[in-house]
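This report refers to the structure that appears directly beneath it.
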Amino acid sequence: ATPIIFDCDPGVDDAVALLLAFASPELELLAITTTAGNVSGTLTARNARLIRQLAGREDVPVHIGAERPLVREPVEAGAFHGESGLGALPIAEPALPVTSGDAVQAIIDIVRARPEGSVTLVVTGPMTNAALALQRAPDLAARLKAIVAMGGARSEGGNITASAEFNIFADPHAADVVCRSGVTIVAFGLDATHQVRATEARIAAIEALGNPLADAAASLLRFSREVERQVVHGLDAPLHDPCPIAWLIRPSLFELRPCRLDVETGSPLTMGHTAVEFRAPEPNAQWAVKADADGLFALLTERLA
Ligand code: BDR
Ligand code: CA
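The sequence shown begins at 3 in full-length UniProt numbering and counts up one residue at a time.
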């Protein structure tokens, strides 16, 4: 199994990604680390524990991380995720607290304790924890197998501003640290995630499984779909955060291209824009250009069964 640390800001699509990861034997979940993003840091850590409890996976530690971005003021996306961050899912305080030790140190310690080049850091929120870990422990850039992230936008522009995708916009300086660190990056931006839409038929197929995990996933997906259809002129909701997890399980679901990835941190107008240069002689990233949406939903449905 591929050992991963899953850094996230649940978030309805983060929650679906967590459910997929928990249900997939191809992945060894070493830890979940949380960051402020879609909602506050306190809420994302609670939501991660709630999903962990739902999946019966209290063996996986949850470490709470950055409360705010490196430089900029916090930006949240509660409108897309509901006040709780988990849409219409019933909320209760999870039985177990967060694991002691902050997320950044946990990432460093876990990566250093494992063989070089073995651990993958998955990031589906702002890259604050990843950047802090790389700043505190620059050896992580070479020790990590890769950072596999949901973030960025190239072909059709952004989803929070004209040029920026939310995760990068929420902490552009952190994404910049990651891009310059020398770590291998695999990025699933809007170019790929907008190809994966939660249609009513796909949600109904999950709901028809009729078990608690599938019910939760269907509730999360339906919430996203309703919000997206109100906000973005009737389009079905894109399924962002499960993409990096699905790629780790089944790489054939995506087509990637090597590129040089850089992030705008200066211009107020294009803050958080990802510059994706396919012609660069020295690539630092793989950029997802194509996704097999039917295949991804088939995988998700199979795993929730
Ligand atoms: C990203 O932003 C968040 O709102 C989602 O959870 C996803 O990680 C999509 O732009
Ligand atoms: Ca997210």
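Even for Gly, the Cβ is constructed at its ideal location relative to N, Cα and C.
Within 10 angstroms of the beta-carbon of E158 lie fewer than 16 other beta-carbons, which makes it exposed. Per DSSP, T44 is one residue of the alpha helix (DSSP H) stretching across 43-56. Shown here, L271 sits in coil according to DSSP, grouped into three states, outside any helix or strand. Residue burial is scored here from C-beta neighbours: R51 has at least 16 other C-beta atoms within 10 angstroms and is therefore classed as buried. Taken from the Cβ of G87, every heavy atom of ligand 1 lies 7 Å or farther away.
Shown here, E266 sits in coil according to DSSP, grouped into three states, outside any helix or strand. In the three-state reduction of the DSSP assignment, P92 falls in the coil class, being assigned neither a helical nor a strand state. Residue pairing for W289: DSSP places it in a beta bridge opposite A189, R259. At a cut-off of 7 Å, the beta-carbon of D243 counts as near ligand 1: some heavy atom of the ligand is closer than that.
Judged by beta-carbon spacing, V113 lies within the 8 Å limit of R145, meaning their Cβ atoms are closer than that value.
Shown here for A47: same chain residues with a beta carbon closer than 6 Å to its own, the five before and five after excluded, namely T36, I66, V100 in chain order. Residue side-chain check: G127 places its Cβ nearer than 7 Å to a non-hydrogen atom of ligand 2. Per DSSP, reduced to three states, the secondary structure at F280 is coil, with no helix or strand assignment. In the structure shown, V113 falls within a helical segment according to DSSP collapsed to helix, strand and coil. By the C-beta density criterion, F8 is buried, having at least 16 other C-beta atoms within 10 angstroms.
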